[in-house]
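To start, the structure itself, in structure tokens.
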Amino acid sequence: MGEAITFWVLAVVSVGAALGMVFNRKAVYSALMLGTVMLCLAVMYAVQDAPFLAAVQIIVYTGAVMMLFLFVLMLVGVDSTDSLVETLKGQRFWAAIAGLGFAALIVLAVGNVVFAEPAGLAAATAQGGYIRSIALLLFTKYVFAFEVTSALLITAALGAMVLAHRERLTEKVTQKDLSRARFLSDQPSPLPGPGTYASGNAIDMPARLPDGTVAETSVNRYIARFDVEQGHLPEDPALAEAIKHSAEEESK
1 MGEAITFWVL AVVSVGAALG MVFNRKAVYS ALMLGTVMLC LAVMYAVQDA
51 PFLAAVQIIV YTGAVMMLFL FVLMLVGVDS TDSLVETLKG QRFWAAIAGL
101 GFAALIVLAV GNVVFAEPAG LAAATAQGGY IRSIALLLFT KYVFAFEVTS
151 ALLITAALGA MVLAHRERLT EKVTQKDLSR ARFLSDQPSP LPGPGTYASG
201 NAIDMPARLP DGTVAETSVN RYIARFDVEQ GHLPEDPALA EAIKHSAEEE
251 SK
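For the sequence shown, full-length UniProt numbering assigns the number 1 to the initial residue and increments by one for each residue that follows.
Here's what the structure looks like:
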């Protein structure tokens with residue numbers, strides 16, 4: 001009874017996460033949804049008395065491969081838009097062919113599950129335990145599929161590394177260059193902290209100089225833009241004007 005309840009609960013979660021992975025517009029969210037599906041599979045393996053498969057599913061796929069893809073997507077940038085220009089001629093055609101082939105494989109797999117007679121766990125692990133049985137199947141009957149899957153994972157990892165790599169168009173600025181540019185600027189001293197000499201030491205409030213004037217350079221430009229968009233401006237006209245000016249500088 002508990003096994004059936006666990007299966008139906010995880011089945012609903014897995015299908016929902018799989019649909020979220022396909023229809024989500026953000027790549028990072030799709031990767032998280034795929035990780036959820038993999039975790040559900042690991043729990044299902046554990047329920048079916050296969051702790052080795054559950055551990056491999058979590059450690060290798062969810063913990064290593066999936067997190068690698070997630071970190072690479074975060075490095076590439078979640079705001080990166082997909083280009084509609086084909087970098088390789090005919091890639092859409094071959095992608096469609098691959099999709100049709102994958103759909104045919106799914107139909108064959110479902111038909112095999114529905115119409116074939118189940119072997120049972122005892123018959124499947126009769127060759128010396130489930131770990132030995134899995135090893136024999138992987139390196140004898142399904143060795144070609146196993147090697148192809150390994151090649152696909154390696155290709156995906158290399159592709160992720162290529163996507164994360166960015167060529168530097170300008171020379172890297174060193175600490176010496178930054179110090180020289182700082183002392184040649186109009187303000188060699190550090191910028192005043194937000195809220196300094198003000199009534200409240202808040203990061204979204206401009207600092208006040210010793211003479212009482214507002215230091216616009218102390219305002220965080222991103223927070224200032226948010227305050228202007230949301231209408232969260234202080235009642236002091238000088239502070240409100242400083243925040244608006246910082247927001248305008250950030251939008252340029």
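Positions of the beta carbon are idealized from the N, C-alpha and C atoms, including for glycine.
DSSP three-state assignment for residue i, whether helix, strand or coil
i           : result
A215        : strand
A207        : strand
G90         : coil
T36         : helix
N24         : coil
T62         : helix
A126        : coil
V9          : helix
K244        : helix
T149        : helix
D236        : coil
A98         : helix
R166        : coil
Y45         : helix
residue 273 : This structure leaves residue 273 out entirely; the chain is present only between 1 and 252.
A116        : coil
E171        : coil
CB of residue i within 7 Å of CB of residue j, strictly
i    : j    : result
L34  : M21  : yes
T36  : A55  : no
A247 : E216 : no
L100 : A31  : no
Y130 : A64  : no
E117 : V47  : no
Nearest-angstrom beta carbon gap, residue j and residue i [assumed within contact, 8 Å]
i    : j    : result
L53  : Y45  : 4 Å
P206 : V219 : 5 Å
P188 : R182 : 6 Å
Residue i, buried or exposed, once every other Cβ within 10 Å from all chains shown has been counted against 16
i    : result
Q57  : buried
M161 : exposed
S150 : exposed
M67  : exposed
I223 : buried
L105 : exposed
R166 : exposed
D227 : buried
L136 : exposed
R208 : buried
V214 : buried
S185 : exposed
A96  : exposed
A42  : buried
F23  : exposed
F93  : exposed
F139 : exposed
F144 : exposed
L239 : buried
Span of the alpha helix (DSSP H) around residue i
i    : result
K176 : 175-184
D49  : Note, D49: premise wrong, no alpha helix (DSSP H); not H, not E.
F226 : 221-230
Distance cut-off 6 Å: residue i Cβ against heavy atoms of the ligand COA
i   : result
L41 : As presented, the structure is devoid of all ligands, the ligand COA included, so that no description of it is given.
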